[in-house]
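**Q** Here it is: the structure, laid out below.
Numbering (this note's numbering), first residue to last: 454 to 705.
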């Protein structure tokens with residue numbers, strides 16, 4: 454039902470932000486069947502490919518039979534090396550697809566600074582020699598567990614990310630005082646925006662309202678969740694957990 458004669462592309466994000474899902478080989482193979490049946494291009498955002506936990510397998514969509522010629526894969530040095538401020542990324546795909554994207558890029562951003570491109574290339578070479586990505590993966594898995602243990606202590610429901618560095622927390626049990634004073638910028642916003650503001654102001658922990666990831670039609674789906682990131686060291690995550698204990702008196 455989602456594919457119409459106007460459909461030209463399927464966009465996949467695995468590992469997924471913000472849910473943390475890693476698509477299985479079987480699931481991707483089913484998408485590949487649809488791509489071939491309806492002659493669709495596939496853009497596969499795989500920027501968290503190096504952060505997959507619990508023995509899950511990251512499958513590159515372009516490696517599936519028949520998918521190379523119709524797939525553009527998105528990668529990111531910023532995500533792979535925890536250096537998002539660098540704004541360095543890349544596309545991988547056949548010339549027929551990469552050529553037009555290059556033409557568009559030169560007219561939108563023109564170029565990316567050369568020193569950081571060289572640094573990213575050197576980083577990729579060294580990472581493979583030094584087993585960097587496996588070491589980083591283990592560190593992030595441990596950080597994830599530190600953060601999730603804080604939610605366990607509060608009795609909050611949450612997603613267990615299979616990949617990426619985000620977890621969603623169900624805030625339906627959070628009862629913020631009705632008289633709490635929010636800024637006018639939150640007028641008309643959902644509970645997730647108000648919870649994010651409240652937690653930041655009262656506890657000093659920053660989160661992201663999940664409804665912001667949805668189109669207007671489906672925004673209500675995300676209003677019961679806020680997103681936490683665990684791309685910090687374990688000590689900072691433990692401190693965040695201690696601060697979040699302040700939510701106890703607001704949980705029904």
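We put the beta carbon where it would ideally sit given N, CA and C, even for glycine.
From which residue to which residue does the beta strand (DSSP E) around residue 525 run?
**A** Taking the first residue of the chain shown as 1, we reach residue 525 at position 72. Unbroken beta strand (DSSP E) run through residue 525: 524–529.
**Q** Between the region 464–477 and the region 606–619, can you find at least three pairs of beta-carbon atoms closer than 8 Å?
**A** yes
**Q** Taking residue 505 as the reference, which of 516, 468, 702 has the closest Cα?
**A** By 1-based counting over the chain shown, the position of residue 505 is 52. Nearest of 516, 468, 702 to residue 505, Cα basis: 468.
**Q** Compute the beta-carbon to beta-carbon distance between residue 655 and residue 694, rounded to the nearest angstrom, for a pair I have assumed lies under 8 Å.
**A** Walking along the chain shown from the start, residue 655 turns up at place 202. Walking along the chain shown from the start, residue 694 turns up at place 241. At roughly 15 Å, the Cβ-Cβ gap does not stay under 8 Å, so residue 655 and residue 694 are not in contact.
**Q** Nearest to residue 540 by CA position, among 548, 527, 634, is which residue?
**A** Here residue 540 refers to the residue found at position 87 of the chain shown. The residue with the shortest Cα to Cα distance from residue 540 is 527.
**Q** Kindly say whether residue 606, judged by its beta-carbon, lies nearer than 8 Å to any beta-carbon of chain B.
**A** The chain inventory of the structure shown lacks chain B, comprising one protein chain alone.
**Q** Does the region 543–563 come close enough to the region 578–596 to have 3 or more Cβ pairs within less than 8 Å?
**A** no
**Q** DSSP three-state label for residue 536, please.
**A** Walking along the chain shown from the start, residue 536 turns up at place 83. Here residue 536 sits in coil by DSSP.
**Q** Rounded to whole angstroms, what's the CA-CA distance from residue 652 to residue 598? Just pull it up for me.
**A** Working through the chain shown from its first residue, we reach residue 652 at position 199. Working through the chain shown from its first residue, we reach residue 598 at position 145. In a straight line, the C-alpha of residue 652 is about 21 Å away from that of residue 598.
**Q** With H, G and I counted as helix, E and B as strand and the rest as coil, what does DSSP make of residue 620?
**A** Translated into positions along the chain shown, residue 620 becomes position 167. Correct three-state label for residue 620: strand.
**Q** Could you spell out where the alpha helix (DSSP H) holding residue 586 opens and where it closes?
**A** Counting from 1 along the chain shown, the entry for residue 586 is found at position 133. Counting along the chain, the alpha helix (DSSP H) containing residue 586 begins and ends at 585–607.
**Q** Taking the straight line between their C-alpha atoms, what separation do you get for residue 649 and residue 679?
**A** Here residue 649 refers to the residue found at position 196 when the chain shown is read from its first residue. Here residue 679 refers to the residue found at position 226 when the chain shown is read from its first residue. About 7 Å.
**Q** Less than 8 Å between the beta carbons of residue 626 and residue 515, yes or no?
**A** The residue labelled residue 626 in the question sits at position 173 within the chain shown. The residue labelled residue 515 in the question sits at position 62 within the chain shown. Result no, Cβ atoms of residue 626 and residue 515 do not sit closer than 8 Å.
**Q** Using the C-alpha atoms, what's the distance from residue 671 back to residue 513?
**A** Position 60 of the chain shown holds residue 513. Position 218 of the chain shown holds residue 671. Approximately 29 Å between the Cα atoms of the pair.
**Q** Evaluate residue 675 with the Cβ neighbour count: other Cβ atoms within 10 Å of its Cβ, from every protein chain shown; 16 or more gives buried, anything less gives exposed.
**A** For the purposes of this step, residue 675 is identified with residue 222 of the chain shown, where counting begins at 1. With 16 or more Cβ atoms within 10 Å of its Cβ, residue 675 is classed as buried.
**Q** Could you check the C-alpha separation between residue 479 and residue 535 for me, to the nearest Å?
**A** In the chain shown, the residue the question calls residue 479 occupies position 26. In the chain shown, the residue the question calls residue 535 occupies position 82. The alpha-carbon atoms of residue 479 and residue 535 are separated by roughly 30 Å.
**Q** For residue 683 versus residue 606, is the C-beta distance shorter than 8 Å?
**A** Position 230 of the chain shown, counting from 1, holds the residue named residue 683. Position 153 of the chain shown, counting from 1, holds the residue named residue 606. No.
**Q** On the three-state DSSP scale, how would you describe residue 679?
**A** Against the chain shown, residue 679 aligns to sequence position 226. Of the three classes helix, strand and coil, the one that applies to residue 679 here is strand, per DSSP.
**Q** Hey, quick one: how far does the alpha helix (DSSP H) through residue 561 stretch, first residue to last?
**A** Residue numbering aside, residue 561 sits at position 108 when the chain shown is read from its first letter. Membership of residue 561 in the alpha helix (DSSP H) is indicated by the continuous run 548–561.
**Q** By how many angstroms is the C-alpha of residue 600 removed from the C-alpha of residue 685?
**A** The residue you call residue 685 lines up with position 232 of the chain shown. The residue you call residue 600 lines up with position 147 of the chain shown. Taking the straight line joining both Cα atoms gives about 10 Å.
**Q** Can you tell me whether residue 663 is helix, strand or coil according to DSSP?
**A** Position 210 of the chain shown holds residue 663. In this structure, residue 663 counts as helix in the three-state DSSP scheme.
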